[in-house]
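The working numbering numbers the first residue of the sequence shown as 1 and each following residue consecutively. For glycine and all other residues, C-beta sits at the position ideal for the given N, C-alpha and C. Treat the numbers as computed from the prediction; the structure is a model and nothing was measured.
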Amino acid sequence: MSSISSRLAFRNQNATGEEKVRSKSVIDHSSGKSAASGGSRFSPSPIMSVPVGSAGKLVQEIHDEFLVCKICMEPFKTPKCLACLHTFCEVCIENHIASEAAYKKYSDYREFTCPLCRKRTQLPLGGAKKLPDNFLISNLSDTMDRQKVSGTANCDICKTVAKKLKDAASKCLDCNKLLCSSCVEQHKETKVTRDHSIFDVETEKDVICKEHEDEVVRFYCEPCQACICIICTFNEHKDHEVSNFSEAVVKYKADIEGILVDCKSKIEVYEKYVERVAGTERQITEAEQKIRELAIEFISDIRQREKQLIDEIHNLYGKQTMEVIGRKADLQSALSTLKSTCALTEMVLQGKDIELLLLKKEVQEKLSSLSSAMDLDLPKTMSKEIRFLPGHIELGSIQDMDKPNASKFRSCIVSNS
Numbered sequence: 001m002s003s004i005s006s007r008l009a010f011r012n013q014n015a016t017g018e019e020k021v022r023s024k025s026v027i028d029h030s031s032g033k034s035a036a037s038g039g040s041r042f043s044p045s046p047i048m049s050v051p052v053g054s055a056g057k058l059v060q061e062i063h064d065e066f067l068v069c070k071i072c073m074e075p076f077k078t079p080k081c082l083a084c085l086h087t088f089c090e091v092c093i094e095n096h097i098a099s100e101a102a103y104k105k106y107s108d109y110r111e112f113t114c115p116l117c118r119k120r121t122q123l124p125l126g127g128a129k130k131l132p133d134n135f136l137i138s139n140l141s142d143t144m145d146r147q148k149v150s151g152t153a154n155c156d157i158c159k160t161v162a163k164k165l166k167d168a169a170s171k172c173l174d175c176n177k178l179l180c181s182s183c184v185e186q187h188k189e190t191k192v193t194r195d196h197s198i199f200d201v202e203t204e205k206d207v208i209c210k211e212h213e214d215e216v217v218r219f220y221c222e223p224c225q226a227c228i229c230i231i232c233t234f235n236e237h238k239d240h241e242v243s244n245f246s247e248a249v250v251k252y253k254a255d256i257e258g259i260l261v262d263c264k265s266k267i268e269v270y271e272k273y274v275e276r277v278a279g280t281e282r283q284i285t286e287a288e289q290k291i292r293e294l295a296i297e298f299i300s301d302i303r304q305r306e307k308q309l310i311d312e313i314h315n316l317y318g319k320q321t322m323e324v325i326g327r328k329a330d331l332q333s334a335l336s337t338l339k340s341t342c343a344l345t346e347m348v349l350q351g352k353d354i355e356l357l358l359l360k361k362e363v364q365e366k367l368s369s370l371s372s373a374m375d376l377d378l379p380k381t382m383s384k385e386i387r388f389l390p391g392h393i394e395l396g397s398i399q400d401m402d403k404p405n406a407s408k409f410r411s412c413i414v415s416n417s
């Protein structure tokens, strides 16, 4: 670990205003004095930042899909990266985890599934807030925000106070106001606002340390694989191997580029694989479509033939026969009435003489009425006997084209023979 004074000297070299005051307090607290020290195992490096000189071109090339959360469909707010590398808003992940917990979809091992690919991610202590930040998404979003501000927005102070329109050159993070170059100078000279944090909307933006919100990250901790600020190097990372960004980038950039080359070499393999899958899917879809279309055509023909055969039956038996069949319910009712009347008459005949004489008139009228109403002449066509001779329809078959001489697999035969 390099000397404390070496790191703090570098920090003061790049700091201004309030930042220098904070550095001095750390020196006094840590060693009581500031002294130059040689033999540092890492040299000063510039603040980690996102250049936006070409932000205009970058904004045009970035598709909205990369900067929109797939849960809330809004621009990312505190984007967090899962184990599967999918990214979502911190709040959206918290809501998703709460939803899964409510339905008991994950176990006591504190894992949850990705809403997109369903791959499981371990939930760290502290919840979604402790999931890795996606700095790439954050920086791209910031670049777009600054690009929207640059050259298009006006100074809030001039527009409100002086009623003038001046292009904004900077933004005060404490006031959340856009400022022109003149108002920036006044902002720095005014006692109330001189310690405010101001950044140039056309230059760079620092990445703030997650553990110390007043500090920016300047170093990389090798064991923890985390970007840290100078205060972190004196606290939880004090005995760790720490590198400046330039050294870490040289080391890991080569590794990442090697993996990238390997991944790019697999693109063609994946493309061919996907093409084969898509081709097979097309074959299946086309075959299914042809089967369905032919089936619909066959069904239409069958329904038409069905109607023709039924009409032929009716024509063979004739209109009178069909009318008699239509009166079947009336015939059954008349038969029931006849049976009940005959049974009643037999009871009267077997009863007392006085009962027969009292019911004679009603019984005779009922029997006469039923006898005269009976017309049981059947049409001659009802003596016909017909029989349906079923046929069959073969919808088609499936043949393996790799084995053209192999027997076909019968797919569908409608038969009743």
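Cutoff 6 Å; reference residue 85; Cβ partners in own chain excluding five residues on either side: For the purposes of this step, residue 85 is identified with residue 85 of the sequence shown, where counting begins at 1. By the criterion of a C-beta distance shorter than 6 Å, residue 85 is surrounded by no residue of its chain, once the five residues flanking it on both sides are discounted.
Nearest neighbour of residue 81, chosen from 100, 110 and 129 [CA to CA]: Within the sequence shown, numbered from 1, the residue matching residue 81 stands at position 81. Answer by Cα proximity: 129.
For residue 107, three-class secondary structure by DSSP: The residue labelled residue 107 in the question sits at position 107 within the sequence shown. Confidence at residue 107 is low in this model, with a pLDDT of 49, below 50, so the placement of that residue is unreliable and no value is reported for it.
Supposed contact pair residue 155 and residue 117 - C-beta distance, whole angstroms, cut 8 Å: One-based indexing of the sequence shown puts residue 117 at position 117. One-based indexing of the sequence shown puts residue 155 at position 155. Residue 155 and residue 117 do not touch by the CB rule: their CB atoms are close to 46 Å apart, not below 8 Å.
Range covered by the beta strand (DSSP E) that runs through residue 120: Within the sequence shown, the letter at position 120 stands for residue 120. Element bounds for residue 120: 120–122.
Residues near residue 251 in its chain [Cβ-Cβ closer than 8 Å; skip 5 each side]: Position 251 of the sequence shown, counted from the start, is the residue given in the question as residue 251. Answer for residue 251: 243, listed in chain order.
Coarse secondary structure for residue 169, derived from DSSP in three states: For the purposes of this step, residue 169 is identified with residue 169 of the sequence shown, where counting begins at 1. Note: residue 169 maps to coil in three-state DSSP.
Beta-carbon gap between residue 187 and residue 179 smaller than 8 Å: Your numbering for residue 187 matches position 187 in the sequence shown. Your numbering for residue 179 matches position 179 in the sequence shown. Yes, these two residues count as a Cβ contact at 8 Å.
Exposure label - residue 176; buried when at least 16 CB within 10 Å: In the sequence shown, counting from the first residue as 1, residue 176 sits at position 176. Around the CB of residue 176, fewer than 16 other CB atoms lie within 10 Å, so the residue is classed as exposed.
Residue from 312, 71, 167 and 160 whose Cα sits closest to the Cα of residue 388: Counting from 1 along the sequence shown, the entry for residue 388 is found at position 388. Ranking the options by Cα distance to residue 388, first place goes to 312.
Close beta carbons around residue 322, own chain, < 8 Å, minus the five adjacent residues each side: Numbered from 1 along the sequence shown, position 322 holds the residue referred to as residue 322. Closer than 8 Å at the Cβ level, and outside the excluded window around residue 322, lie 314.
Cα-Cα separation, residue 318 to residue 345: Numbered from its first residue, the sequence shown carries residue 318 at position 318. Numbered from its first residue, the sequence shown carries residue 345 at position 345. If you draw a straight line from the Cα of residue 318 to the Cα of residue 345, it is about 39 Å long.
Identity of the residue in 347, 341, 283 and 305 nearest residue 399 by Cα: To locate residue 399, count along the sequence shown from 1; it is residue 399. Among 347, 341, 283 and 305, the Cα nearest to that of residue 399 is on 283.
Three-state secondary structure assigned by DSSP to residue 178: By 1-based counting over the sequence shown, the position of residue 178 is 178. In the three-state DSSP reduction, residue 178 falls in the strand class (E or B).
Same chain, Cβ closer than 6 Å to residue 90, five either side skipped, listed in chain order: In the sequence shown, counting from the first residue as 1, residue 90 sits at position 90. Counting only Cβ-Cβ distances below 6 Å, and skipping sequence neighbours, we find 78, 80 and 128.
Residue burial classification, residue 392 (beta-carbon count within 10 angstroms, cutoff 16): For the purposes of this step, residue 392 is taken as residue 392 along the sequence shown, with counting starting at 1. Classification for residue 392: exposed.
Span separating the alpha-carbon of residue 372 from that of residue 394: Against the sequence shown, residue 372 aligns to sequence position 372. Against the sequence shown, residue 394 aligns to sequence position 394. Distance between the alpha carbons of residue 372 and residue 394 is about 57 Å.
Separation of residue 123 from residue 31, as counted between CA atoms: The sequence position of residue 31 within the sequence shown is 31, counting from 1. The sequence position of residue 123 within the sequence shown is 123, counting from 1. Because the pLDDT at residue 31 is just 34, under 50, the model does not fix this residue reliably, and the value given afterwards should be weighed accordingly. Approximately 39 Å between the Cα atoms of the pair.
N-terminal and C-terminal residue of the alpha helix (DSSP H) that residue 392 is part of: Position 392 of the sequence shown, counting from 1, holds the residue named residue 392. That residue, residue 392, is in no alpha helix (DSSP H); its beta strand (DSSP E) goes 392–398.
Sub-8 Å separation of residue 181 and residue 199 beta-carbons: Locating residue 181 in the sequence shown gives position 181, counting from the first residue. Locating residue 199 in the sequence shown gives position 199, counting from the first residue. No; because the gap between Cβ atoms is not below 8 Å, this pair is not in contact.
Whole-angstrom C-beta distance between residue 75 and residue 96, which should lie under 8 Å: For the purposes of this step, residue 96 is identified with residue 96 of the sequence shown, where counting begins at 1. For the purposes of this step, residue 75 is identified with residue 75 of the sequence shown, where counting begins at 1. In this structure residue 96 does not touch residue 75 by the C-beta definition: roughly 18 Å separates them, more than the 8 Å allowed.
Neighbourhood of residue 212 by C-beta, 8 Å cutoff - its chain only, sequence neighbours within 5 removed: What you label residue 212 is simply residue 212 of the sequence shown in a count that begins at 1. Hits under 8 Å: 229, 231 and 232.
Selection from 246, 378, 87 and 327 that minimises the alpha carbon distance to residue 113: On the sequence shown, residue 113 is found 113 positions in, with the first residue counted as 1. Nearest neighbour of residue 113 by Cα position, chosen from 246, 378, 87 and 327, turns out to be 87.
CA nearest to the CA of residue 248, picked from 331, 356, 225 and 288: Taking the sequence shown and counting its residues from 1, the one referred to as residue 248 is at position 248. Comparing alpha-carbon positions, the option among 331, 356, 225 and 288 lying closest to residue 248 turns out to be 225.
Host alpha helix (DSSP H) of residue 78 (start-end): Locating residue 78 in the sequence shown gives position 78, counting from the first residue. Where residue 78 is concerned, there is no enclosing alpha helix (DSSP H), given that its DSSP letter is neither H nor E.
Sequence-distant residues of the same chain with beta carbon closer than 8 Å to residue 401, five excluded per side: Within the sequence shown, residue 401 is the residue found at index 401, counting from 1. Leaving aside the five residues that flank residue 401 on each side, none in its chain has a CB nearer than 8 Å to its CB.
C-alpha gap between residue 172 and residue 158, whole angstroms: For the purposes of this step, residue 172 is taken as residue 172 along the sequence shown, with counting starting at 1. For the purposes of this step, residue 158 is taken as residue 158 along the sequence shown, with counting starting at 1. Cα to Cα, residue 172 sits roughly 14 Å from residue 158.
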